Every structure is written in C-alpha cells, then in structure tokens.
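Per full-length UniProt numbering, the very first residue in the sequence shown carries number 1; after that it's consecutive.
Contents: one structure, followed by commentary.
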Amino acid sequence: VDAVWIENMNTVLDDNKKLCLNSGEVIAMTNSMSMIFEVMDLTQASPATVSRCGMIYMESNTLGWMPLVESWVETAPDDYKYGQEHNLIGMFNWLGPPCLNFIRKQCSQLSNAGISNQVRSMINLIDMLLRDACAQNSDRKNVLIWIQAAFLFAGAWGFGGALDSNSREIFDEFYKNIWKGKNPEHLMPEDLDPLEVLIPTGGLIHDNYYVFKGKGSWKYWPELLRDFKIEETTNVQHTLIHTVDTAKYFHILEMHIRYKIPLLLVGPTGTGKTFYIQKLLMNNLSFDEYSPAFIAFTTSTTANLTQELIISKLQKRGKGVYGPAEGKISVIFVDDVNMPAKEVYGAQPPLELLRQFFDHRHWYDLKDTSKIKIEDLLLLVAMAPPGGSRQDVYARFLRHFSIYSINTFSEESMGKIFTTLLFVGLKRNGFPSDIMPVVVNVVSATMFIYHSAMEYLKPTPAKSHYNFNMRDLSRVINGHLLLKKESAESKKTFVKLWVHEVMRVFYDRLIENADREWLFLQLKNGVKDHFKENFDLCLDSLLIEGHKSVKEEDLSQLMFSTALDVDAEDERKYEELTIEDLLKASLLVLDDYNASHKTKLNIVLFRYALEHLSRIVRVLSIPGGCALLVGVGGSGRQSLTRVAAAICNYSVFQPEITKNYGLNEWREDLKQVMKEAGGRNKPTVFLFTEGQIKEEYFLQDIDCMLNSGEVPNIFPIEEVQEILEMVRLAAQGGNRYLDINPLAVYSFFVNRSKQNLHIMLCFSPIGSSFRTRLRLYPSLINCCTIDWFEAWPEEALEKVALRYLTDVNVPEEVKDATVNACKYFHVSARKVSEDFYNTTGRKTYITSASYLNLIRLYTDLITLKQKEVMTAKLRYVKGVDQLVYAAAQVSVMQTELEALQPQLKIAANETFKMMNIIEEDTKKVEATKSLVLEDEKVAKVQAEAATLLKIECEEDLRVAEPALDEALKALDTLKPADITLVKSMKNPPSALKLVMAAVCVMMDIKADRIPDPKKPGHKMMDFWGPSKKLLGDIKLIDKLKDYDKDNIPIPIMNTIRSQYMQHPDFNPNIVAKASSAAKGLCKWILALEKYDIIVKIVAPKKEKLKHAEQEYEEMMSVLEGKLNQVRDLEKKLADLNKILAATEEKKKNLEHEVELCSSKLIQAEKLIGGLGGEKSRWMQAADLLQNSYNSLAGDVLISSGIIAYLSPFTSASRLELIENWKQLCH
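In structure tokens:
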C-alpha cells in the first residue's frame, strides 16, 4: 500500500464516497460501488486508512496448496490423466507435505516465493514431462510409470529447485528415502498403485533424466556429455564447455521455453546464469518460431523505461495490441531483475510493471493512458542473491516463475571446465597433446588454492575484499593461457607460472602478513602435492643472496610479462623476465611517451613500482582484464597504469570531470569508449579514480560494464543500428553473405568491447566509503584483479628522494644525508602513527603522498631560504666593503682636490684671453660685412636691368618665330622629284628662273656672264647655270634648313628686297604655276625676309643685353671674392667661439669636479664618523647569517617534516618526533 496514494483515497473511503481531484472536480461513488484492496501486508498503511476499511487476514495455510493440484487435475489432458486421477492427487498428498516441511525446516533456498510457488513449479514440470511422454509414445499402457518418473524428477526440481548445493544433497537423500520406503513416517499410501519406476542410483536425481520411451529408463547426464563436442571460438574464454550443469539446465530451459512457462534462474555471480540463457536463445532456438531479445536491469531502471524497452522489442499487431511477428513467440531475457532500487515504500516499479503483465496481460500507454495488450510474450529472468545493490524481491512477483538455483559448480564440473579450457588454449599456443598431465596438475593445484582461500581467508569489515569466486579461479587459468610453446622451457616453467598467477590473483589482495604467510605455505603445499615437485628446486633462480631456501620475499622477483615482446603485432610472448629487463623496457617506453605526449610522466621506477607495473601489464595482457588498484594517494597507481598501457601500446581514456559534468556527459564518454573498443576493435584502458566519482551512478554503470561488458540500454535505437553496421562484417567472419541475427551481431559487439576494454579503478582504502562501495557494487571484487599498494619500502623512499633532490644546491655529502633523513622521517612518522592509534584510537595515515609532499616542500623551501639568507648576508658584507672603500677614498679625494685648483685658475685665464680675441675679430667681420652689403645692392640693380632687357628680346623673338616656322614649313614642301624635274628643264619658265636667282643670291652664289641674245656682242648676268648646280646638290634641303638666318648679310637682303621682292612674278601662287618646288623656295625666301626684319631690330638689344650680363658677371665676381673674405672671417670667428666654448666647458667641468670632490670628501668623513662603530657589528651579523646558511639544509628539512607529517598528532607526539629529527640532523 502506497501511503501517499492511499491517503488521497481517504475521502472515497469515507461515508460520503467522494473522490476530490486536484482540478477541483469531485467524483461521487454510487451506493452499489465498493472498493476492495488485496495487499500483502500493511507496513505502509496509516491508521486512518486501516480504520476506514474492514480487514480480513488470510493465512497461507488457510486455503493451502491442494486447490492448485485439484484445479490442475481437472484441466489436465486426458492423454495421461484418464484413469490416473487418484494417482496424481494421491502422490501429491504423499510427497507434498513431508517435502515442503523438510525444505522449510532443514534446507536453505536462494530465493523463496512460498509453498504455492513450489507446488506450481512441480505441477508445471509434471505436466511438461507427461505431455512430452505422450507425444513420444502412441501406446498409453506405461502411463503409470511415466507419472511416477515425472513425480520423482519433478519433486527434485520443483520442490527443491531453489535450494543451495548443501541443501540439494540433503533433500535428495531425504526424497529418495521416501521413494525407497526407508522413511517410516511417510510410507507410500495403500490407495496408490504400486511403484514400478526405478530410483536412479548414480549421483543426485538432479544429475539424471528420464527417457520416456516405452517403459522408459533413467540416463545419467555425465554419460550423455561424451557425445558433446567443444565448439571452436576465436576467444578461448568464450568457449562453452559442456558439463553436467550445462546439460541439465539447458534441458530445463528448453522445456520451459517450449511450453511458454516463465522461468527464473538465481545464483551467485560467476555461475553462468546469463551465459546459459544467452547461449540458448542465440544458438539453440529456431528464429522462425522465436524472437529472442535481451534486457538488463540496473539500479536506475524505471517502470517507464522498462515498458519502452519491452515494447521496442515487439511489433504493433493492431490498435492497442503488441507482440512479435505473427506465428512467433517473443522470448525476452531480463538480467539482474532484482537490481532496480526500491522506492520509499518498498516497491520496485519495474517489477510491479512486469507483475501487471503477468496478472492482466496488458499495460497502459505512457502518452494517452489507453490500454496496451501484450501477446505471445515469454519472460525469462535471472538474478543473484540479495546483497549490495541487489534487492530482496517479494513473493508476489516471484510466484509467476518457476525458480531454479544455479549453485557454485561442483568439483567435477570445475575440473572439467578449466582442464578443457586450459588444454584447448595451450594447444592453440603450440603445445602438443602430451601437455595434458601438466594441465591437470595446474587445475587441481589452482582448485586447491581456491578452496583453501574460501575456507581460510574469510571477509571481515577490515578485509571486505577477501571475497573469492569462480572468476578468481578463471583468472589464474587465463594467465596460463598467455604462455606460448617457445616460452616454456620445461615443467619447471609451469610451476613458476602457476606460482606467479596465484600470487597475482590471490596474494596481491592480501593486507596482513599472517595471511600472506599462510598463502605462501599453501603455495609450497600445492607444488609438492599436485605438481610433485620440490618448491625450492623449481624456484632456486629467485633466491636472494644469503637465502638457502625460497622465502616469501624471494617471490617478489618472480615476474612473467609481455613487456619485452614489443615488436609483436598481435599476441605477445608471455615470458619470465628479471627486474632489470623490465626496467630497461619501461625506461624506453617512458622516454617515447614523454616525447610524444604534452603531459609528461615524472615517475621514479624503483623496484616496488616495477613489481606493480608488471602486475598491471599482466592484467592488460589478458583479454578483458580489469583491475582494482587499491592504495593511498601518491602511490603511483595512475602513472603506472599509463606506463603499462604504453608498454602494451593501448590508448588510455580518463574522463575529465568538470563542474557541469553530469549523466549525459558520462554516458557519452562511456559510449565513446565502447565504440572504440567494440566497434573499432582498439584495445583501450579506461582509467577511473575515486576522486572522479561525482555521482554514485558512475559506479553503477562501471559495475554493469565490469559484469556484462555494457551499460544496459545506453545506446538508443539509431545508435544501435550504427553499431550493427560497424561490426556486422566482423561478426560474419568476413563473409558478407552469411545470414546473421542482429541480436548475435550486437552480442558480438558487446563481447569484443568487453575483451578490448580494460577498466582500471584507482581507489583508496581510507575510510568506510571503500567498504561500502565494495558491498554495493560486487563486480568491483568479482570482475577485477585486486592489486593492493602497500606503503613504499625504504629502497623506494631513497630512490624517490635521490631523484627529486638532484638539482638542490647543497654539497653531495649533505644531499646524501638529506636522503637518509627523509627516509627516517617517513619511517618514524609511520611508527608514531601506529603508536598514536594504539594510544588514542584515532587513525592517521602516513602515505607516500606525505613523503612526496615532504620532498616537494624541501626542494622549494631550501632554494627560497638560501636566496633569502644569502641576500641578507650580502647586504652586510657590501656595507662593510663600502666603509672600507670610503676610508680609502678620503685621502685620494683630498689629493685630487689640491691638484684641481691650479688647473681651474689656468682655465679661467685662457677663457679671458680668448674672449678678448673674439671681440676684436667680431668688429672686423662686421665692418667688412657692411661694405659687401653695399656692393651687393648695386649688383642687384644691374641684374634687374639685364633681366628686363632679356625679357624684351625674348618677346621680340617670339614675334619672329612664326616667320621662321613658315620658312621651315616651306622647305618641308620640297620633294626630291620636284627638284629633279626643275633641274632637268632646258628652257625653264621665267618665274622659276626668278626664284632660283633669288635662292642663289641668298646662298651668295655669283651669276654667270653669258652672251645676251637680245644684244649681240654684249654679256648678261645669268643665274640658271649656278641654279642647276645648286639643285644638283643632294644636301640642298639640309643647307637651306641650316641656313644662318640670324646673320644674313645686309647687301644680300638689300638685293632681295630691291630686285626680287618688287618683281610682280615673285609670288608663291604665280611661281606655283611653273613648279611646286619653286613655290616652296619662294615661300622660304619671303619668310626669311620677314624674319630678318625682326632680327635686325632685336640684334642691338641682344648686344646691349650681352654687355649688361658681362658687367653683371664682373660685378658678381668681385662681390664673390668679398663674400669669401667675409666667410673666412666668420669661420675664423666660429672656430674661436668653439675654442671658447670648449675652454668654458673645461672650466665648468673643473669647477664641478672640485665641487663633487669636496662633497664626496664631506660625505665620506660623515660616513666614517657616523658608521665607524657599525663595521664590527655588520661583520658579526654576516658571520651569523653564513652559519644560518650552512644550517639551512637541516632546518628546512625539519620544517618541511613538521608541515608534511605532524598536523594530525597531539603536541606530545609532535615534540617527541621533532626531538628525534633534531638529533638525526645534528
């Protein structure tokens, strides 16, 4: 009864029968309506509820179990019931009361669902067996024998199905005696037909089964096993070894599945519950008839999640109807069914949901609360006995199942399983078949150690991890499976290996010397009794110098590891090695690690650390190997794990816990690790420390991963599909066309993830939380190899101190003494801690972290204090040096002052003389400069006049330029062809001859005297002859262009103007009619005539300009000489000023030196006078500081020890330790 829920119903239970809802709505019940509650107990009911209801209490024996039998007989098939009703009911009356009473009083059950459930289980078994018998035989004459055999078999399994091993044997004997008639109190009733069935003689009834053929006969399960063959698997650890237990439980499981009877397996961890069911569902069922699925419960599983998970395994058949595909049965296996945490009123909601399915076959939709009908669903569940996180499941849920216990394997089964596994594994590693005797020795010796440890090493509150199970036995065998033929020299190797593996699995977790000594003695007995070898002779190579026989401490040198076989790509050799070999290999790996990682590993590999390193490497070498590293902070667990992972070439993943790190981040990290290990097939080390447990569900998930290899329901459906695609090809063995069930693919992923994922847990044993976690999460012990890190030995303390004190600035002898002192501090603090606990009852922990803190404090403080003390000392030494220096400088300064006085007078006289010279020269310079300025003014006037004249000439010339351009353009019109044409004329036109005559005049060419045709006897001047010569000159045009137009003689221009310019035909247009060449020449002459007119006007002006410029240059030449004279005088004056400045600077410096020297002299006299008495005191203080500096090593060490160790102790204990430390340091 949920107290909160029932309190809300109080108004309904009142007389007014009204239900008041949160919305304010009121629902009234009619008078014809009543409420009936059927509950198991009233532990949560309030008096208000009890007072409103009438109570009827029904005891279990009121109705009894007989109605179940009678109902079954009523509905049983006639095939076996007809004529046998009296036998069916009578045998229950004969066997039921004594068996049920005996079990209740004399036996122990792993799970008890009540007497009715035992009877129901027996009825189910009888019914299934008899139905099978009738199906196998058409003749019914042997029905009585079948019924008797079914009752005999079903009684052992039905009544005693949940018994533990001892109770099963007791009950078997009691049950057989009843059948044999040896129990006088429970003889067979006379109304029953006589017994015709034989009682099995071989072993327990559980170890036999009845073959219903004809009369039938009993078969002994071990005989049937001879026909079973071992299935080859990639991983030897996953090989199914058929034993009596596997055979009989497979038989029971198969029968329940066939008849759709819910079944529950209960048993301790490691007994194979999950393995049996998963193996059967995946390999032995027809997927045409069945649809298997797996679900695992955790402490955080809710009812809603359970409903969603189961619905996701089914298909929607119609509106509100779910089930598997038509024609199939959905078989869902729920593992760890008792894991969900109980709510405040004691119920487990996921189990309540499953119970609702059994009772009503329906649920309600989580969204719209509509009814959901579930069809063709069979539930198989498994659980471990209550304890830790596992709850005690109440009978109302358990009553729906046939409950069977799976107990710890028998000696015979264990021997067969591990002998077969080891033999198969060693044969794979290259060993011949004749290795079997050694295999038998190894297994028998290991079982001897296992049973001895179970009996002697009992768990206590202080030793809660002394909890051994079958997995420990398996770990020893798995260690042997690493050995290869080439690493085994003789049988002695197997003895050494066996001792080593037992040490790693059993010895390394022991925390008391007495327990270790006991186990060492058992090892000697195991070698002697099972291997038939001499322990000392087999392990003589481990003897420490001085030992005549092998002692317990000698075994610390026994190491097997894969650390040396670094070149192997796949499986490494597991071989014996020495501590020196491991050190060399580890240092190489450590150097590579530090070179390739940003975060460096600063670790000292002393002997004790190497021993633990080899243990961690061993765990990582075993597929799926996980470890629980127990030790205090600073013991090196994390660093050694990282080195071991680097040796094995595995990646390391460690969650980064931040402020906002929660469930989503945690689950994402887990999924990433599982995908890496299972999906990508990469071996991965998952490193997790106690300080990272931010939430308790972190450990719940780790517990699941250790136990089953996965966190149940961690992947949503879309991610599951991604994973299936990722590993499908590997699951198919490389054959893409192989048809494989998705369930098998996902199982392959989980198995590979478990095989590749190595979970390394670093926990501290301090406080109660460690014991609590081991109790709540049993997989921390069951699924991990435990390595207990004890306090560091003295050799380790010494090496660590030497490593960290290397750079400390102290002499070597002091450094050696400091190392010994650190070691003594730690050991003495441990002793005082033990005495303190014995005296006061208060536990203090002196850990390796304290030792590292001591060294860290010392290295930091010694450097700091050395600097401080030396700085203080140097201040005093410097002060004394200054006093001595000041006294020495007084006489020197007096001498310098006397020498400076004459120099100062000389400098003053030189300065005075120089100033007089400069004054006279300055007057001369000023006078000369005034004269030069007057001349400069005159020169400027002349320059201005010349400039004006020049501008006027340039203006006139600018007017003449168009005429000149016109002349040049006229020349450009001349063409050689035109000239040639003119030259060839024999009788040229008069206009042409006129132009050519003008050209000859311009070129100053004389005319020829020829006869005058008009006046015979007379001569005339003719220019045509010279003209033709001129035209024949090839450079004529160039000569015309280069004509000296600025200096044309006046007579020539007068002739041109008087004789040609006045001629009417001397016109370019007229001339052009005669010749185009003549036109251009005519234009040239006319243009030059214009240009000459202008040039003749400009020429006088140019002459005047030339004269003016000449006078200006003469004036400037004179002026420049005078300016140079002024410059020389100014330069001389500047040089004198420089000399004066230097003289004045020298005088000033001398005055400053005199002043400074006088000041220093006064200060030195004051200093000597004022501090003369301090010199001795300062020297004494410097000596004291030097002594303090020399004593710093011991003083700082004691101070560091006080900080590192003494805070938990009382003053008396502190003073005692400090006094001991002082005596050591002195």
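Every residue gets a Cβ at the ideal spot worked out from N, C-alpha and C, and that includes glycine.
Bear in mind the structure is a predicted one, so any value in this text is a computation, not a measurement.
Please name the residue or residues paired with residue i in a DSSP beta bridge.
{"i": "residue 413", "result": "Note: residue 413 sits in no beta bridge, so no partner."}
{"i": "residue 762", "result": "629 and 689"}
{"i": "residue 362", "result": "373"}
{"i": "residue 442", "result": "Answer is none; residue 442 lacks a bridge partner."}
{"i": "residue 382", "result": "265"}
{"i": "residue 249", "result": "Beta-bridge pairing links residue 249 to no other residue."}
{"i": "residue 785", "result": "627"}
{"i": "residue 561", "result": "575"}
Which same chain residues, not among the five before or five after residue i, have their C-beta less than 7 angstroms away from its C-beta?
{"i": "residue 511", "result": "463 and 788"}
{"i": "residue 113", "result": "395, 398, 399 and 403"}
{"i": "residue 1001", "result": "1052, 1055 and 1056"}
{"i": "residue 1206", "result": "1214 and 1217"}
{"i": "residue 475", "result": "505 and 785"}
{"i": "residue 270", "result": "469, 470, 471 and 782"}
{"i": "residue 633", "result": "764, 847 and 849"}
Taking 8 angstroms as the limit between beta carbons, can you name the residues of its chain near residue i, skipping five residues before and five after?
{"i": "residue 332", "result": "292, 293, 294, 295, 310, 313, 377, 378, 379 and 380"}
{"i": "residue 307", "result": "353, 363 and 366"}
{"i": "residue 212", "result": "129, 132, 133, 136, 137, 146 and 149"}
{"i": "residue 1124", "result": "none"}
{"i": "residue 837", "result": "843 and 844"}
{"i": "residue 1224", "result": "821 and 824"}
{"i": "residue 14", "result": "52"}
{"i": "residue 859", "result": "804, 805, 807 and 808"}
Going along the chain, which residues of its own chain have a beta-carbon closer than 6 angstroms to the beta-carbon of residue i, five neighbours each way excluded?
{"i": "residue 1182", "result": "873, 876 and 877"}
{"i": "residue 347", "result": "none"}
{"i": "residue 321", "result": "373"}
With a threshold of 16 other CB atoms inside 10 Å of the CB of residue i, please say whether the residue is buried or exposed.
{"i": "residue 846", "result": "buried"}
{"i": "residue 576", "result": "buried"}
{"i": "residue 243", "result": "buried"}
{"i": "residue 668", "result": "exposed"}
{"i": "residue 1215", "result": "exposed"}
{"i": "residue 549", "result": "exposed"}
{"i": "residue 6", "result": "buried"}
{"i": "residue 63", "result": "exposed"}
{"i": "residue 1212", "result": "exposed"}
{"i": "residue 888", "result": "exposed"}
{"i": "residue 975", "result": "exposed"}
{"i": "residue 674", "result": "buried"}
{"i": "residue 467", "result": "buried"}
Is residue i near residue j, with beta carbons less than 8 angstroms apart?
{"i": "residue 677", "j": "residue 753", "result": "yes"}
{"i": "residue 804", "j": "residue 862", "result": "no"}
{"i": "residue 1132", "j": "residue 881", "result": "no"}
{"i": "residue 742", "j": "residue 724", "result": "yes"}
{"i": "residue 1061", "j": "residue 1027", "result": "no"}
{"i": "residue 1238", "j": "residue 585", "result": "Here the chain has residues from 1 to 1226 only, and residue 1238 is not among them."}
{"i": "residue 628", "j": "residue 637", "result": "no"}
{"i": "residue 657", "j": "residue 600", "result": "no"}
{"i": "residue 1036", "j": "residue 979", "result": "yes"}
{"i": "residue 778", "j": "residue 388", "result": "yes"}
Check whether the region 409 to 422 touches the region 438 to 455, taking contact to mean three or more Cβ pairs, one atom from each stretch, closer than 8 angstroms.
-> Touching, yes, given that three or more Cβ pairs across the two stretches are closer than 8 angstroms.
With contact counted as at least three CB pairs below 8 angstroms, one residue from each stretch, are the region 121 to 128 and the region 166 to 176 in contact?
-> These segments do not touch.
Taking three-plus beta-carbon pairs below 8 angstroms as touching, is the region 171 to 187 in contact with the region 427 to 434?
-> With a cut-off of 8 angstroms, the region 427 to 434 and the region 171 to 187 do not count as touching, because too few Cβ pairs lie within range.
Inspect the CB distances between the region 724 to 734 and the region 594 to 601 and report whether three or more fall short of 8 angstroms.
-> No, because fewer than three Cβ pairs between the region 724 to 734 and the region 594 to 601 fall closer than 8 angstroms, the two stretches do not touch.
Are there three or more Cβ pairs, one per stretch, closer than 8 angstroms when the region 767 to 786 is compared with the region 815 to 823?
-> Too few Cβ pairs lie closer than 8 angstroms, so no.
Touching by the beta-carbon criterion (3+ pairs, under 8 angstroms), the region 508 to 525 and the region 447 to 456 | Yes, the region 508 to 525 is in contact with the region 447 to 456.
The region 706 to 722 / the region 298 to 307 touching (three or more Cβ pairs under 8 angstroms) = Touching, per the Cβ criterion.
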